[in-house]
Every structure is written in structure tokens, then in C-alpha cells.
Amino acid sequence: MAGGAPILSLRDLRVTFPTPAGPARAVRGVDLDVFAGESVAVVGESGSGKSVTMLATLGLLPQAQVSGSVKWGNTELVGANVDTLRSVRGRRISMVFQDPMTSLNPVLTVGKQMTLVMKAHQPRLGKKELRAKAVDLLHQVAIPQAGRRIDAYPHELSGGMRQRVMIAMAITNDPEVLIADEPTTALDVTVQAQIMELLRNLREEKNLALVLITHDLGVVAGNADRVAVMYAGRVVERAPVLDVFARPQHPYTTALLECLPRLDLRKEVVNSIGGTPPNPANLPSGCPFAPRCPRAVDLCSAQEPVLVRMGATDVACSVVSDGATAGVSV
Amino acid sequence: MIAPPRRVRRGRPEWLRGPALIGVIAIVVWVLIALTIPLWTPYDPLASVAPRLQDPGWPHLMGTDQLGRDVFTRTLWGSRTSLPVAFVVILASVIIGTVIGAVAGYRGGWVDAVLMRFVDMTMAFPPILLAMAITASLGPGVRNALIAMVLVWWPIYARLLRAQVIAVKQREYVESAEAIGVKRFTILRRYILPMAYTPVLVNATMDFGQVVLLTASLSFIGLGARPPSPEWGAMITEGATQFYSWWIATAPGLAIVSVVLAFNYLGDALRDSFDVKGVV
Amino acid sequence: MPFLLFGIASIVFLVSRLTPGDPLITIVGERNLNNPEVVAAAKAKWGLDQSVLQQYFAYMKNLLQGNMGTSFTTRQPVVHDLWQRLPATLELTIYALVGGVSIGVTLGVLAARHRNKFIDHVARFFALLGSSLPAFWAGLLLLYAFYARLRWLPGPGRIDPRGVAPDKVTGFYTVDSLLMGDLALWKDSMMHLILPACVLGWGVVGIVSRLVRASLLDEFSMDYVRVARAMGLRERTVVNSHALRNALLPTITIVAFMFAFLLTGAVLTETVFSWPGAGSYAVDASRNLDYPAIIGVTLLGGTAFLFTNLFSDIAYAFADPRIRLS
Numbered sequence: 028m029a030g031g032a033p034i035l036s037l038r039d040l041r042v043t044f045p046t047p048a049g050p051a052r053a054v055r056g057v058d059l060d061v062f063a064g065e066s067v068a069v070v071g072e073s074g075s076g077k078s079v080t081m082l083a084t085l086g087l088l089p090q091a092q093v094s095g096s097v098k099w100g101n102t103e104l105v106g107a108n109v110d111t112l113r114s115v116r117g118r119r120i121s122m123v124f125q126d127p128m129t130s131l132n133p134v135l136t137v138g139k140q141m142t143l144v145m146k147a148h149q150p151r152l153g154k155k156e157l158r159a160k161a162v163d164l165l166h167q168v169a170i171p172q173a174g175r176r177i178d179a180y181p182h183e184l185s186g187g188m189r190q191r192v193m194i195a196m197a198i199t200n201d202p203e204v205l206i207a208d209e210p211t212t213a214l215d216v217t218v219q220a221q222i223m224e225l226l227r228n229l230r231e232e233k234n235l236a237l238v239l240i241t242h243d244l245g246v247v248a249g250n251a252d253r254v255a256v257m258y259a260g261r262v263v264e265r266a267p268v269l270d271v272f273a274r275p276q277h278p279y280t281t282a283l284l285e286c287l288p289r290l291d292l293r294k295e296v297v298n299s300i301g302g303t304p305p306n307p308a309n310l311p312s313g314c315p316f317a318p319r320c321p322r323a324v325d326l327c328s329a330q331e332p333v334l335v336r337m338g339a340t341d342v343a344c345s346v347v348s349d350g351a352t353a354g355v356s357v
Numbered sequence: 164m165i166a167p168p169r170r171v172r173r174g175r176p177e178w179l180r181g182p183a184l185i186g187v188i189a190i191v192v193w194v195l196i197a198l199t200i201p202l203w204t205p206y207d208p209l210a211s212v213a214p215r216l217q218d219p220g221w222p223h224l225m226g227t228d229q230l231g232r233d234v235f236t237r238t239l240w241g242s243r244t245s246l247p248v249a250f251v252v253i254l255a256s257v258i259i260g261t262v263i264g265a266v267a268g269y270r271g272g273w274v275d276a277v278l279m280r281f282v283d284m285t286m287a288f289p290p291i292l293l294a295m296a297i298t299a300s301l302g303p304g305v306r307n308a309l310i311a312m313v314l315v316w317w318p319i320y321a322r323l324l325r326a327q328v329i330a331v332k333q334r335e336y337v338e339s340a341e342a343i344g345v346k347r348f349t350i351l352r353r354y355i356l357p358m359a360y361t362p363v364l365v366n367a368t369m370d371f372g373q374v375v376l377l378t379a380s381l382s383f384i385g386l387g388a389r390p391p392s393p394e395w396g397a398m399i400t401e402g403a404t405q406f407y408s409w410w411i412a413t414a415p416g417l418a419i420v421s422v423v424l425a426f427n428y429l430g431d432a433l434r435d436s437f438d439v440k441g442v443v
Numbered sequence: 650m651p652f653l654l655f656g657i658a659s660i661v662f663l664v665s666r667l668t669p670g671d672p673l674i675t676i677v678g679e680r681n682l683n684n685p686e687v688v689a690a691a692k693a694k695w696g697l698d699q700s701v702l703q704q705y706f707a708y709m710k711n712l713l714q715g716n717m718g719t720s721f722t723t724r725q726p727v728v729h730d731l732w733q734r735l736p737a738t739l740e741l742t743i744y745a746l747v748g749g750v751s752i753g754v755t756l757g758v759l760a761a762r763h764r765n766k767f768i769d770h771v772a773r774f775f776a777l778l779g780s781s782l783p784a785f786w787a788g789l790l791l792l793y794a795f796y797a798r799l800r801w802l803p804g805p806g807r808i809d810p811r812g813v814a815p816d817k818v819t820g821f822y823t824v825d826s827l828l829m830g831d832l833a834l835w836k837d838s839m840m841h842l843i844l845p846a847c848v849l850g851w852g853v854v855g856i857v858s859r860l861v862r863a864s865l866l867d868e869f870s871m872d873y874v875r876v877a878r879a880m881g882l883r884e885r886t887v888v889n890s891h892a893l894r895n896a897l898l899p900t901i902t903i904v905a906f907m908f909a910f911l912l913t914g915a916v917l918t919e920t921v922f923s924w925p926g927a928g929s930y931a932v933d934a935s936r937n938l939d940y941p942a943i944i945g946v947t948l949l950g951g952t953a954f955l956f957t958n959l960f961s962d963i964a965y966a967f968a969d970p971r972i973r974l975s
């Protein structure tokens with residue numbers, strides 16, 4: 028864990044969506060710190076709330092009710108006005124999204140879209156400077172023939188290149204945190220590796236902190252310093268990456284790891300976790316993982332566990348922590 | 164057998180609120196007027212009952228026209244022409260259009276191609292010009308105007324139905340029904356058409372107003388209802404010649420606007436409610 | 650495409666033969682029924698002695714030679730009449746279209762950005778009112794208000810009745826008067842355009858604003874909009890530079906539809922404002938049962954609509970880079 032104060036700090040973040048079936052509690056009290064230059068992976072299935080957490084951080088969910096605290100330095104982002112949010116978005120904290128095809132505007136050239144991002148934060152740049160800067164950014168993300176690519180339309184580029192363009196747009200104004208929401212899920216495996224390597228390089232060059240949202244533990248292994256595992260809107264395990272892989276505490280983490288195909292063990296059957304994740308509009312009482320958990324006991328359905336420190340790991344499981352209810356700091 | 168999906172009812176319809184509700188009320192009021200006015204009409208709409216060209220006031224709420232007839236009464240009577248005509252036109256267009264469009268969409272192939280070519284050609288004309296031409300050919304009068312409007316209007320529904328049928332045709336439950344040998348006509352009737360009626364309903368509601376407008380327009384030109392019939396469009400023509408007696412044209416105009424606006428709001432609300440976009 | 654043209658002409662022929670009476674009436678007019686010379690000439694030219702099929706061929710042949718018959722009322726070839734009156738209609742239609750689209754887009758953007766708030770309801774009412782008003786009635790009312798009572802705007806016609814039309818170069822008074830350097834005449838013709846263009850364009854505003862609103866709302870739920878916001882773009886930039894470009898694409902396809910809409914409106918608007926265009930020509934023809942003229946205008950309308958459709962398809966393909974470059 029890096030030393031010093033965290034640059035981004037989430038405390039008890041809660042996000043609820045109004046739906047015709049009642050309020051859907053997508054995020055139910057998340058605590059997370061991000062330190063300068065480190066890489067934090069947020070892992071979970073679809074519906075665990077991992078994307079929503081980070082979207083709420085930047086205030087990108089106008090129809091949701093958000094409570095809790097998101098601190099950037101000393102600035103509170105929850106409930107902040109549009110100008111404050113705009114000063115942070117794309118400038119201090121940037122976000123890269125999952126599907127590069129739909130994330131780019133199909134009727135504008137790549138260059139034009141990058142220019143718009145630049146002008147949003149540095150309105151005084153002239154046309155020539157903007158173009159030069161855009162080409163330079165494309166170089167930085169290793170796009171060949173940047174001078175020609177800049178006038179291309181998104182559908183003329185491959186998936187990997189589009190993702191690079193999005194990354195270029197994200198680092199335009201030298202942010203300090205890059206949130207990557209499933210950056211490689213929509214790409215081929217070889218391209219995945221290239222993109223992750225690009226992110227690694229950028230991190231080193233610019234001391235950029237990375238929040239990596241993914242459901243793919245394979246990607247986590249080589250690219251994260253710390254891991255936070257989410258289930259049903261809460262963090263259920265939080266630890267340095269090696270600890271998560273070597274000594275997983277929470278039954279959900281263990282189950283996730285068992286689903287990974289492995290080269291070193293001889294297994295014929297690929298595991299999966301039985302059952303489905305709970306509906307955020309209709310959560311069961313007690314621990315939300317209990318219905319699917321092989322180690323569940325009666326206590327689990329009665330009382331929702333809180334995060335408890337066990338060694339280097341924070342884990343929220345009544346069975347593992349022997350029913351301990353003492354909360355823990357991040 | 165895989166059954167077609169059922170519609171879920173959710174209590175009081177959400178669309179029946181605000182301006183749409185006012186629209187429905189207005190429509191009901193007009194229908195009642197059209198049905199019952201012979202019983203309680205203040206004056207004879209065709210007879211001269213007062214001095215000519217009187218200003219609006221009491222007892223003639225919208226004054227009198229150049230032949231001394233009560234404008235307000237005539238306006239109310241106008242609904243007996245406009246509303247039934249529009250109803251018949253829409254009904255006939257929907258029926259003819261549904262038959263032709265469904266057959267074209269379901270059969271496909273050359274049947275589809277031929278029918279759709281015909282539809283395209285008919286729709287290539289601006290509706291009013293075609294209606295004018297047909298009515299002029301057949302001879303002026305409400306009945307011929309009605310026929311003309313049906314001939315102009317059915318292609319819209321043919322196209323609509325065809326698109327719907329084609330979309331639904333691909334669905335699995337239709338394929339499975341065909342596979343077990345359900346008769347083609349039954350499939351059309353019980354599987355495809357129930358899913359198709361929503362856009363037809365929205366369209367028909369909004370078209371009702373447009374047909375009323377077209378009827379009035381044709382009468383205005385002299386091709387639809389003829390004097391002394393108290394039809395709204397014909398009344399406006401008379402009002403145009405008596406320019407400074409502004410009430411003669413205003414009353415029927417307001418009537419038209421109220422009816423068309425009511426149907427427009429209703430159709431708009433229906434369209435909004437059937438067109439469900441995601442919440443998040 | 651040529652097939653469609655052919656089809657249109659055929660339909661028009663069918664329509665003209667719907668007359669319950671003697672088709673001779675539709676070609677020669679009632680007055681001339683007793684004139685043996687005229688009748689004989691007509692029979693020869695249009696094949697009226699022969700079978701319907703041969704009449705059809707005669708009709709087509711005449712059409713290809715640019716002959717649509719002679720108007721009863723003007724005694725001129727219909728083609729000539731149409732050629733004379735078309736510029737007036739085009740001038741009015743273009744102003745109405747341009748004005749209507751501009752206002753419609755602006756209104757649609759406002760309605761989408763402030764969804765369900767006051768401005769949205771106002772815009773919706775304005776739009777729905779536009780398609781509820783009978784054009785001829787609205788024209789009468791406006792004339793009464795702004796001309797007869799307030800005297801702010803001039804009355805019917807393209808220019809002052811005592812004035813002289815500009816020398817014909819394009820047939821557009823607003824253009825020709827400028828070409829002549831006659832500013833007073835230019836102003837006069839512009840003033841005369843205001844009311845009819847407003848009446849004609851109102852419907853356009855309605856349709857365009859609803860469409861732009863709906864398209865924009867669709868775009869707002871797209872990923873790239875969220876990405877743009879995440880990159881810190883101002884909301885105004887997101888709407889105008891990103892979403893609007895996409896939202897306007899469907900508007901282009903609607904241009905063809907609007908043209909038919911405007912032709913419809915033009916017929917009635919021209920009548921009310923005594924505008925000497927093709928629309929009022931059609932109305933006069935209908936009132937007088939001048940069949941060749943009616944047929945001629947109908948044919949013109951259908952053909953024009955076809956061409957606008959083609960044009961808008963091309964324009965759309967050009968505007969959408971995904972199609973243009975493939």
C-alpha cells in the first residue's frame with residue numbers, strides 16, 4: 028500500500044435508482060481509498076455495483092440518489108454543482124469505458140472528438156496547437172500513422188485502436204486518476220494484453236493511479252496492487268493482490284478463483300457459482316451471498332456482516348470473522 | 164404450444180392524464196353533440212332566423228351569417244358531417260390497409276412486391292392533390308370526397324401493417340405455430356395482428372384529426388360538402404367572403420381546432436406511453 | 650425510379666377516367682361539347698373513339714411529348730400555365746421550409762434539454778397546434794389581425810396591387826428585385842411573404858421540433874454522450890456538438906415528407922393569400938372542374954415528391970459518414 032494520504036476517498040457511498048418495481052439499491056455503503064500512483068482493481072459480477080460506484084464518483088448518474096462522501100483532496104464531489112464536477116472530470120479523474128464502438132460518436136472524426144475534450148479544459152488553444160497536441164496524444168497511445176488516423180471516423184478503426192483513442196482522450200489533460208471500466212472486455216485476447224500494457228506504461232510515465240473495474244480475475248493478476256471484491260453493492264473483501272490470490276478469505280472470492288481455468292492443476296470441469304446474484308430492488312435480509320454460499324449458517328441470513336480486518340485483508344463474512352461486528356477503517 | 168406473449172395491465176393507464184384527459188373529454192363532448200343535437204338544437208341550421216350579419220352576443224352566441232342563420236347552431240351541426248366522415252374514412256382505410264398490408268407482409272415474394280409498388284405509387288402524391296383530383300373526377304359532394312379520402316389514406320396503413328407483420332413474423336412463437344401446422348390465416352389473426360394493433364391505434368388517433376382537416380379543406384375548395392350544408396370547411400369559405408364579419412369563419416375554425424387538437428394530444432400521449440424507453 | 654414515374658402517370662390516368670360521365674367532358678369541357686371541330690380534334694389527339702387501352706397509350710404518348718392538354722379556363726397549355734406559376738410556389742415554400750426548420754430545430758433542442766419542464770410543454774403545444782390548425786383558417790385569422798385591424802403587415806398577394814413585378818430572371822420576387830437593385834420592391838415582396846410563410850411553416854415547426862426532441866432524447870441515452878460528459882464537456886457542447894449531429898440525421902429524411910406537407914399547405918395558403926402559384930391554380934381548377942389543369946397539377950405534385958425523396962436519400966447518405974465511406 029502506498030504511503031501518504033489518499034488522493035481519492037469514498038466513504039459510505041450509496042446509490043439508489045428509482046424503478047417501477049421500487050427503489051433499487053445498487054451500491055450500499057462502499058468505502059475505498061485510492062493512493063497516488065497505485066492500481067486498485069474493483070472486481071465483481073455484473074450487477075455487483077462496481078461500475079455504478081465509479082460512475083457515481085464522477086456524478087454521471089443524474090437519475091440516481093447518491094449519498095455518502097467522495098472526496099477528491101478536500102473537495103466533496105457528492106452533491107457538488109456542475110462546475111465543480113466539470114473541473115474534476117477529464118482533468119483530475121478520467122474514465123475510460125467498456126465498449127469503444129458505442130463510446131465514440133460515429134459521426135465525428137477522432138480528431139474532432141479529441142479537440143472537443145481539449146477545448147473543454149483549455150479553451151485558449153488555437154487550431155494548430157489543438158491538432159498538434161492530438162497527434163502527439165495518439166503517438167503516446169501507440170497508434171501508428173497518427174497524422175492520418177486523426178481524420179478517421181470511429182468505424183474505420185479497429186476495436187483496439189478505438190480503445191486507444193479513448194485512452195488518449197482520457198489522458199489529454201494529465202489526470203491523476205484513471206478509472207477504467209472493463210477496458211478490455213470487448214476486445215480480443217491479444218489486443219487485451221496490448222491495452223493493459225499500454226495502461227501500465229502510462230502509469231509509470233505519469234505516476235497515474237488506476238482504478239480497474241473488471242470481472243476478469245486474469246486481468247487483475249498482472250495489473251493491480253490492491254483488490255476490492257464487490258458483491259450486491261458492497262465490498263466483501265479488500266486486500267493486496269497477492270493475498271487475494273494466495274489466501275482468499277471471503278467464500279465469494281474463493282468461488283470466483285475456483286472458476287478460473289488453470290494451467291497448473293489438472294481439472295476437467297470448469298466451475299461456476301450456482302444461483303444468480305440478487306435483485307437490487309429486492310434484496311434478501313442478512314448477507315446477500317448466503318443463498319449461494321457453501322459455508323452459510325443461520326446467522327448469515329439474519330445479520331449482514333461488516334468489513335473486519337483479518338491480517339492484511341478486510342473481509343465481510345460472519346463465518347470467517349466468527350461473527351465479529353467491529354467495523355474496520357479502510 | 165408456445166403461446167404468444169400477453170400484455171401486462173398496470174392499473175390506471177398512465178397516458179390518461181393532463182392534456183390527454185382534456186382531449187378525451189372534448190372528444191366525448193363533441194360526439195355527444197353530434198349524436199343528440201337534432202333533439203335540442205337552439206335554431207334550425209338551414210333557416211334564416213335573425214337579421215343578417217349580427218355581431219356575437221345574446222341570443223346568438225356567435226352572431227349570424229350573411230343569410231341570417233345562427234352561426235353557433237350551424238357550427239354544432241357541423242360535427243354531424245365531420246365526425247362520421249372521419250370515422251368512416253379511418254375505419255375503411257384501416258381495414259383495407261390491414262388486409263393488403265398483412266397479406267403483403269406475410270406472403271412476401273412477388274405478391275409483396277406488386278402490392279407495395281402500388282402503395283408507393285399512391286403515396287407519391289401529396290394527399291390533398293390526389294384527393295382533389297379524385298373528387299373532381301367523381302363529382303363534388305361529401306360522398307365522393309369520402310371515397311377519395313379512403314383511396315388516399317389506405318396506403319399508410321398498408322405500409323404500417325406490413326412492417327409490423329414482417330417484424331412479428333420472425334418471432335419464435337410464430338415459427339413454432341407454423342411448424343405444428345396452424346393455418347396461416349389463424350396465425351395472422353391470433354398471433355400477429357394482436358401485436359400489431361398498437362401503432363395502428365396511435366396512428367389512427369392522430370389521423371382522425373388530419374382527416375377532419377382534409378374534409379374541411381376539400382369543402383373549403385368547393386369539392387366536399389356544398390352550401391347550404393353546415394360543414395365547417397364550407398362555412399369558412401363563406402366566412403372568407405364576409406371578411407369583416409370575423410365570427411362567421413372563427414366559430415367553425417375553433418371547432419376544427421378543438422377536435423383536431425384533442426385527437427392530437429390523445430395520440431401523442433398514446434404514442435409516448437406505448438413507446439417505452441429504459442429507466443436508467 | 651422511372652417505373653415509379655410511369656406508375657404515377659398511370660394512376661393519374663386512372664383517376665381521370667373515374668368520371669361517371671363521358672370522358673370527353675374532361676378533355677374538352679362542357680362548353681365545347683357542341684363544337685364539332687374541337688371535339689374531333691380532341692378525339693384524334695386523345696384517342697377517345699378507341700378502347701381504354703388505346704386511350705392510355707395516347708395519353709402516355711402525349712405526356713412524353715410534354716403535352717398535358719389545354720386548360721379550360723386559361724385556354725393555354727397546362728404545361729405553360731404550370732411553368733408560369735411554379736416560381737411563386739417555390740419561393741413561398743422555400744422560405745417556409747427554411748424558417749420552419751430553423752425554428753423547429755431550436756425549439757426541439759430546448760424541449761429536449763429541459764424535458765418535462767415548462768418550455769417543453771410550451772413547445773409541444775405550439776407543435777400540436779401547428780398540425781391542428783386548418784391552414785386556410787389560420788391564414789384568414791392572421792390576415793384579419795395583422796392586416797385588417799393592426800395594419801402591420803400587407804394584405805394578400807405577392808406585392809402591393811399597385812406595384813409592378815420585377816423583371817423576371819428567376820421568378821422569385823425577392824431575388825429578382827435585388828438583382829434589379831430595387832430595394833423598395835424587395836422590402837415589399839419580403840413583407841408580403843411573412844404571413845403566408847408563417848402559416849405554411851407552422852406545420853413544419855411542429856413536425857421538426859417533435860422529431861428533433863425525440864431524436865435528441867434517444868441520443869442522450871447513448872454511450873458516447875456519457876463519455877463526453879465524463880471527459881468534462883460542458884452540457885451545451887455535449888448537446889450541440891455531439892448529440893445534435895446525430896439527431897439531425899433523421900430530420901433529413903423527413904425533408905421529403907415535409908415537402909409533400911408543404912405542397913398540401915401551399916394549396917390552401919395560396920388560396921387565402923391570393924398567391925399566384927401552382928397551389929391556387931389547382932384550387933381554381935378544382936372549382937371550375939378544369940380537368941386538364943387538375944390532372945396536370947396532380948402529376949406535377951407526384952413527380953416533385955418523388956424527386957425530393959431521391960434527393961433526401963442522397964443527402965442522407967452524404968451526411969452520415971458511416972454510409973458515405975462504405
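Chains as they are written, first to last, in the working numbering: chain A, 28 to 357; chain B, 164 to 443; chain C, 650 to 975. Built from N, CA and C at the ideal position, the CB exists for glycine as well. These figures come from a predicted structure and were not determined experimentally.
{"Check": "Supposed contact pair A:L87 and C:R883 - C-beta distance, whole angstroms, cut 8 Å", "Outcome": "Not really, about 15 Å apart at Cβ, beyond 8 Å."}
{"Check": "Cβ contact (3+ pairs, closer than 8 Å) linking the stretch 912-919 of chain C and the stretch 718-725 of chain C", "Outcome": "no"}
{"Check": "Whether C:T952 touches C:I657 by CB criterion (8 Å)", "Outcome": "yes"}
{"Check": "Which of helix, strand or coil DSSP assigns to B:Q405", "Outcome": "coil"}
{"Check": "Range of the contiguous beta strand (DSSP E) that encloses A:V335", "Outcome": "335-337"}
{"Check": "Within chain C, the residues that A:S78 reaches when beta carbons sit closer than 7 Å", "Outcome": "Result: empty, since nearest Cβ-Cβ is about 11 Å, beyond 7 Å."}
{"Check": "CB contact check: B:W131 to chain C, cutoff 8 Å", "Outcome": "The structure shown does not extend to residue 131 of chain B, since chain B is modelled only from 164 through 443, so no value can be given for it."}
{"Check": "Where B:G226 falls, given that 16 or more other Cβ within 10 Å makes a residue buried", "Outcome": "buried"}
{"Check": "Chain B within 8 Å of C:F954, Cβ atoms only", "Outcome": "yes"}
{"Check": "Chain A contact residues for C:G781, given Cβ-Cβ distances below 8 Å", "Outcome": "A small correction: the amino acid at residue 781 of chain C is Ser; Gly does not occupy that position in the sequence shown. Those do not exist, as C:S781 stays about 33 Å from chain A at its closest Cβ, beyond 8 Å."}
{"Check": "Minimum Cβ-Cβ distance from C:I943 to chain B less than 8 Å", "Outcome": "yes"}
{"Check": "For A:A236, the residue or residues it bridges with in DSSP", "Outcome": "A:V204"}
{"Check": "A:E285 - partner residues in DSSP beta bridges", "Outcome": "A:E285 pairs with nothing; no bridge assigned."}
{"Check": "A:V70 in three-state terms, based on DSSP", "Outcome": "strand"}
{"Check": "C:M871 - DSSP class collapsed to helix/strand/coil", "Outcome": "coil"}
{"Check": "C:A784 Cβ short of 7 Å to the ligand SAM heavy atom set", "Outcome": "Of ligands this structure carries none, so the ligand SAM is not represented either."}
{"Check": "Below-8 Å beta-carbon distance, A:A213 vs any chain C residue", "Outcome": "no"}
{"Check": "Within-8 Å CB hit, C:Y873 to chain A", "Outcome": "yes"}
{"Check": "Enclosing alpha helix (DSSP H) for A:T80 [first to last residue]", "Outcome": "77-84"}
{"Check": "Member of C:L842, C:A927, C:F960 whose CA lies at the smallest distance from the CA of C:V946", "Outcome": "C:A927"}
{"Check": "Cβ-based contacts, 8 Å cut-off: residues of the stretch 873-888 of chain C near chain A", "Outcome": "Y873, R875, V876, A877, R878, A879, M880, G881, L882, R883, E884, T886"}
{"Check": "Cβ-based contacts, 7 Å cut-off: residues of the stretch 309-337 of chain B near chain C", "Outcome": "none"}
{"Check": "Contacts of A:S19 in chain C (Cβ-Cβ under 7 Å)", "Outcome": "Because chain A is modelled from 28 through 357, residue 19 of chain A falls outside the range shown and cannot be assessed."}
{"Check": "CB contact flag (A:T46, A:A259, <8 Å)", "Outcome": "no"}
{"Check": "Exposure label - B:G174; buried when at least 16 CB within 10 Å", "Outcome": "For B:G174, the predicted structure reports a pLDDT of 45, less than 50, and the residue's modelled location is therefore unreliable. The matter cannot be settled from this model."}
{"Check": "Per-residue DSSP class, three states only, for A:M257", "Outcome": "strand"}
{"Check": "Cβ pair A:P332, A:P278 closer than 8 Å", "Outcome": "no"}
{"Check": "Where the alpha helix (DSSP H) through C:W786 begins and ends", "Outcome": "784-791"}
{"Check": "Alpha helix (DSSP H) segment containing A:G49, residue limits", "Outcome": "Counting along the chain, A:G49 falls outside any alpha helix (DSSP H), though it belongs to the beta strand (DSSP E) covering 49-61."}
{"Check": "Contacting residues, own chain, Cβ-Cβ under 6 Å from B:F437 (five flanking each side not counted)", "Outcome": "T361"}
{"Check": "Proximity winner among A:R336, A:I170, A:A343, A:N306, relative to A:A48 (alpha-carbon distances)", "Outcome": "A:N306"}
{"Check": "Backbone secondary structure at A:T136 - three-state DSSP", "Outcome": "coil"}
{"Check": "4-residue-minimum alpha helix (DSSP H) runs that sit fully inside the stretch 903-959 of chain C, ordered along the chain", "Outcome": "927-936"}
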